[in-house]
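Peer 1:
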Amino acid sequence: MLYSEKLKNSINKLKTEGSYRFFNEIQRCAGKHPKALWKRDHNNTDMTDIIVWCSNDYLGMSQNELVISKMINSIKTMGVGSGGTRNISGNSVEIVNLENEIAALHNKEKAMVFTSGYIANEATISTLLNILDNSVVFSDEKNHASIISGIKKSSARKEIFKHNDLDHLEELIKKYPDDTNKLIVFESVYSMDGDFGNIEGIIKIAKKHNALTFLDEVHAVGMYGDTGAGVADKLGLANDIDIIQGTLGKAYGTIGGYISSTNLICDVIRSYASGFIFTTAIPPALASAANASIQYLKKSKVERTLQQENTILLKKYLSKAKIPFLDNESHIVPVMVYNPKKCKEISNILLNDFGHYIQPINYPTVPMGLERLRITPGPLHNEEMIANLTNALKHAFMKTNEIDYIKSA
Ligand SMILES: Cc1ncc(COP(=O)(O)O)c(C=O)c1O
Numbered sequence: 000m001l002y003s004e005k006l007k008n009s010i011n012k013l014k015t016e017g018s019y020r021f022f023n024e025i026q027r028c029a030g031k032h033p034k035a036l037w038k039r040d041h042n043n044t045d046m047t048d049i050i051v052w053c054s055n056d057y058l059g060m061s062q063n064e065l066v067i068s069k070m071i072n073s074i075k076t077m078g079v080g081s082g083g084t085r086n087i088s089g090n091s092v093e094i095v096n097l098e099n100e101i102a103a104l105h106n107k108e109k110a111m112v113f114t115s116g117y118i119a120n121e122a123t124i125s126t127l128l129n130i131l132d133n134s135v136v137f138s139d140e141k142n143h144a145s146i147i148s149g150i151k152k153s154s155a156r157k158e159i160f161k162h163n164d165l166d167h168l169e170e171l172i173k174k175y176p177d178d179t180n181k182l183i184v185f186e187s188v189y190s191m192d193g194d195f196g197n198i199e200g201i202i203k204i205a206k207k208h209n210a211l212t213f214l215d216e217v218h219a220v221g222m223y224g225d226t227g228a229g230v231a232d233k234l235g236l237a238n239d240i241d242i243i244q245g246t247l248g249k250a251y252g253t254i255g256g257y258i259s260s261t262n263l264i265c266d267v268i269r270s271y272a273s274g275f276i277f278t279t280a281i282p283p284a285l286a287s288a289a290n291a292s293i294q295y296l297k298k299s300k301v302e303r304t305l306q307q308e309n310t311i312l313l314k315k316y317l318s319k320a321k322i323p324f325l326d327n328e329s330h331i332v333p334v335m336v337y338n339p340k341k342c343k344e345i346s347n348i349l350l351n352d353f354g355h356y357i358q359p360i361n362y363p364t365v366p367m368g369l370e371r372l373r374i375t376p377g378p379l380h381n382e383e384m385i386a387n388l389t390n391a392l393k394h395a396f397m398k399t400n401e402i403d404y405i406k407s408a
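Going by numbering that gives the first Met the number 0, the first residue of the sequence shown is number 0, and it counts up by one from there.
1) Please state whether DSSP places residue 206 in a helix, a strand or coil.
2) Counting pairs of Cβ atoms below 8 Å between the region 161-171 and the region 130-146, do you hit three or more?
3) With respect to the alpha helix (DSSP H) encompassing residue 6, which residues constitute its N-terminal and C-terminal limits?
4) Cα separation between residue 362 and residue 370?
5) For the candidate residues 234, 340, 211, 41, whose alpha-carbon lies nearest to that of residue 198?
6) Return yes when the Cβ of residue 250 is within less than 8 Å of the Cβ of residue 296, no when it is not.
7) Using the rule of at least 16 other Cβ atoms within 10 Å of the residue's Cβ for burial, across every protein chain shown, is residue 11 buried or exposed?
8) Kindly indicate which residue of 397, 217, 289 has the alpha-carbon position closest to the one of residue 331.
9) Quick one: Cα of residue 402 to Cα of residue 229, how far?
10) Pop quiz: residue 168 and residue 204 are said to be a contact at Cβ under 8 Å. What is the actual Cβ separation, rounded to whole angstroms?
11) Quick check on residue 215: buried or exposed, where buried means 16 or more other Cβ atoms within 10 Å of its Cβ?
12) By DSSP, does residue 402 sit in helix, in strand, or in coil?
13) Can you tell me whether residue 282 is helix, strand or coil according to DSSP?
14) Threshold first: 4 residues or longer. Then list the alpha helix (DSSP H) segments lying entirely within the region 126-155, N to C.
15) Do you know whose CA, among 154, 341, 124, 225, lies nearest residue 185's CA?
16) How is the alpha helix (DSSP H) around residue 45 delimited, first residue to last?
17) Given residue 94, which residues of its chain have a CB within under 8 Å of its CB, disregarding the five upstream and five downstream residues?
18) In this structure, how does DSSP classify residue 374 when only helix, strand and coil are distinguished?
19) Whole-angstrom Cβ separation of residue 182 and residue 236, contact assumed at under 8 Å?
20) Counting Cβ pairs, one atom from each stretch, are 3 or more of them under 8 Å apart for the region 330-349 and the region 387-402?
21) Start and end of the beta strand (DSSP E) containing residue 101?
22) Check each candidate in 7, 104, 33 and name the one with the smallest Cα separation from residue 257.
23) For the beta strand (DSSP E) holding residue 186, just list the boundary residues, first then last.
24) Residue 196: beta carbon under 7 Å from a heavy atom of ligand 1?
25) Suppose you measure from the CA of residue 278 to the CA of residue 240; what does that come to, to the nearest Å?
26) Taking the beta strand (DSSP E) that residue 25 falls in, what are its first and last residues?
27) May I ask you to report which of helix, strand or coil DSSP gives residue 332?
28) From residue 416 to residue 107, what distance separates their C-alpha atoms?
29) How would you label residue 463, buried or exposed, when you count the other beta carbons within 10 angstroms and need 16 or more for buried?
30) Sorry if obvious, but does the Cβ on residue 257 come closer than 7 Å to a heavy atom of ligand 1?
31) Within 7 Å: the Cβ of residue 66 and any heavy atom of ligand 1?
32) Does the beta-carbon of residue 217, which I'm using as the reference point, lie nearer than 7 Å to any heavy atom of ligand 1?
33) Give a yes or no on whether the C-beta atoms belonging to residue 28 and residue 358 are separated by under 8 Å.
34) Let me confirm a value: residue 48 is counted as buried when at least 16 other C-beta atoms fall within 10 Å, else exposed. Which label applies?
35) If you follow the beta strand (DSSP E) that residue 244 is in, where does it begin and where does it stop?
36) With DSSP collapsed to three states, give me the class of residue 117.
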């Protein structure tokens, strides 16, 4: 009785704050991305046509014909599952080939694939910090939940530096003698604000103070650099980063995560990380599809170029309509609402009245008061869609926030 009371209270708290999460039922349609179908009413089979604006399938690679046929053919020849952990019968030729492809992409000695980017972060960071005993981790305050979880699971001392603040990072790092084991963890593209980490500045500090560097490139792989190897590669700095972490679940359109680093670091993680050892390996068909996607994006720049053009176009339309957004340099366009209830309301209007789907982003994904609609325009959106979305946003802002919006407009 007492238990259920407490559990109910925890849910009611979220509902009162306006941050209770509702999952829309979407049916993706191969070959039609970013168009999809939405089940408006769970108890009714009717489906409504919508346009998705918040997908992390940034380049539509989950519906790329080559990747699909690779996956289908691999399933037909190898089946759907992997059959075990990497250690016990789940290590496939395809997963090893995928790791070799990832290592080559980042110009590292080795790569290791995990079941998700989340697990790659959590398992690698916690294991590394525990092996390097008496270690200190320096973590950007805006790092992802998976990084924070990895740090919490370790016995390392932690220092949180202000977002992208090199002076603060150096001030914290200087407190420790040179022979202390140090790890600096940061991201190349911060997922909710869409700004870039200061890779060059952090590398300089790391070198000066003998620290290892761990860079999360989850939102950058496939998206930046000549071959899609991410921001560090684009800046010619990948060789100065000790561990590059990425995902196969966003621009590469499949699922899974990875790290790429030295043979030694990868061997340590392979040998000690529970999140790598005690879980079923990704299926060979998935590994071969992810590999096909990486190889495709290494060569094809069309998707990246169109994506970047559409981001510029969307920002132009939003600026003209005086819709408030964070003007960063990346592919992520956060439209700011600053209120959880209004954020949800605007999202509902867009979906119910106009068929534009943008999930509201509320606490704890972003701090309270910084609620937003995170738009990720892709290569397959077009100007007509962008114009329609802007009009719908204008309407929704007027309806929910009339006075403030008119004031700023
Ligand atoms: C910065 C960052 N790192 C890691 C992850 C986890 O990656 P995955 O979705 O592959 O688990 C995410 C997920 O969105 C992320 O935003």
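Glycine is no exception: its CB is placed at the ideal position from the N, C-alpha and C atoms.
Peer 2: In short, the structure shows the following:
1) Stepping through the sequence shown from its first residue, residue 206 is reached at position 207. Helix.
2) yes
3) In the sequence shown, residue 6 corresponds to position 7, counting from 1. First-last of the alpha helix (DSSP H) with residue 6: 1-16.
4) Counted from its first residue, the sequence shown places residue 362 at position 363. Counted from its first residue, the sequence shown places residue 370 at position 371. Going from the Cα of residue 362 to the Cα of residue 370 covers about 7 Å.
5) Here residue 198 corresponds to residue number 199 of the sequence shown, with the count starting at 1. Of the listed residues, the one whose Cα sits closest to residue 198 is 234.
6) Within the sequence shown, the letter at position 297 stands for residue 296. Within the sequence shown, the letter at position 251 stands for residue 250. Taking 8 Å as the Cβ cut-off, residue 296 and residue 250 qualify as a contacting pair.
7) On the sequence shown, residue 11 is found 12 positions in, with the first residue counted as 1. Under this definition residue 11 is an exposed residue.
8) Here the question's residue 331 lines up with position 332 in the sequence shown. Taking only the C-alpha atoms, the option nearest residue 331 is 217.
9) Within the sequence shown, residue 402 is the residue found at index 403, counting from 1. Within the sequence shown, residue 229 is the residue found at index 230, counting from 1. Residue confidence for residue 402 is low, a pLDDT of 48 falling below 50, so the modelled location carries little weight and cannot support an answer.
10) Locating residue 168 in the sequence shown gives position 169, where the first residue counts as 1. Locating residue 204 in the sequence shown gives position 205, where the first residue counts as 1. About 6 Å separates the two Cβ atoms, so the contact holds.
11) Numbered from its first residue, the sequence shown carries residue 215 at position 216. Classification of residue 215: buried, given that the 10 Å Cβ count is 16 or more.
12) In the sequence shown, the residue the question calls residue 402 occupies position 403. Residue placement at residue 402 cannot be trusted, given a pLDDT of 48 that sits under 50; the coordinates are not used to answer.
13) Here residue 282 corresponds to residue number 283 of the sequence shown, with the count starting at 1. Coil.
14) 144-151
15) Stepping through the sequence shown from its first residue, residue 185 is reached at position 186. It is 124 whose Cα lies nearest to the Cα of residue 185.
16) For this step, residue 45 is matched to residue 46 along the sequence shown. Looking at the DSSP string, residue 45 is not in any alpha helix (DSSP H), and its letter there is neither H nor E.
17) Sequence index remark: in the sequence shown, residue 94 carries index 95 (1-based). These residues qualify, in order along the chain: 81, 85, 112, 280, 281, 283, 286.
18) Here residue 374 corresponds to residue number 375 of the sequence shown, with the count starting at 1. Residue state, collapsed to three classes: strand.
19) Taking the sequence shown and counting its residues from 1, one reaches residue 182 at position 183. Taking the sequence shown and counting its residues from 1, one reaches residue 236 at position 237. Contact doesn't hold; Cβ gap of about 17 Å is too wide.
20) yes
21) Here residue 101 corresponds to residue number 102 of the sequence shown, with the count starting at 1. No beta strand (DSSP E) contains residue 101, which is instead part of the alpha helix (DSSP H) from 92-104.
22) For this step, residue 257 is matched to residue 258 along the sequence shown. Nearest option by C-alpha distance: 104.
23) On the sequence shown, position 187 is the one that residue 186 refers to. 181-186 is the extent of the beta strand (DSSP E) around residue 186.
24) The residue given as residue 196 occupies position 197 in the sequence shown. No, since every heavy atom of ligand 1 falls outside the 7 Å radius drawn around the Cβ of residue 196.
25) To locate residue 278, count along the sequence shown from 1; it is residue 279. To locate residue 240, count along the sequence shown from 1; it is residue 241. If you take the alpha carbons of residue 278 and residue 240, they lie about 28 Å apart.
26) By one-based count along the sequence shown, residue 25 stands at place 26. Note, residue 25: beta strand (DSSP E), 25-27.
27) On the sequence shown, residue 332 is found 333 positions in, with the first residue counted as 1. Reduced to three states, the DSSP call for residue 332 is strand.
28) Here the chain has residues from 0 to 408 only, and residue 416 is not among them.
29) Nothing in the structure corresponds to residue 463, since the chain is present only between 0 and 408.
30) What you label residue 257 is simply residue 258 of the sequence shown in a count that begins at 1. Outside the cutoff, so no.
31) The sequence position of residue 66 within the sequence shown is 67, counting from 1. No, the beta carbon of residue 66 sits no closer than 7 Å to any heavy atom of ligand 1.
32) The residue labelled residue 217 in the question sits at position 218 within the sequence shown. Within the cutoff, so yes.
33) Along the sequence shown, one-based indexing puts residue 28 at 29. Along the sequence shown, one-based indexing puts residue 358 at 359. Contact flag unset, no.
34) As a first step, residue 48 is located in the sequence shown; it is residue number 49 there, counting from the start. Result: exposed.
35) Here residue 244 refers to the residue found at position 245 of the sequence shown. That run of the beta strand (DSSP E) goes 242-246.
36) In the sequence shown, counting from the first residue as 1, residue 117 sits at position 118. Helix.
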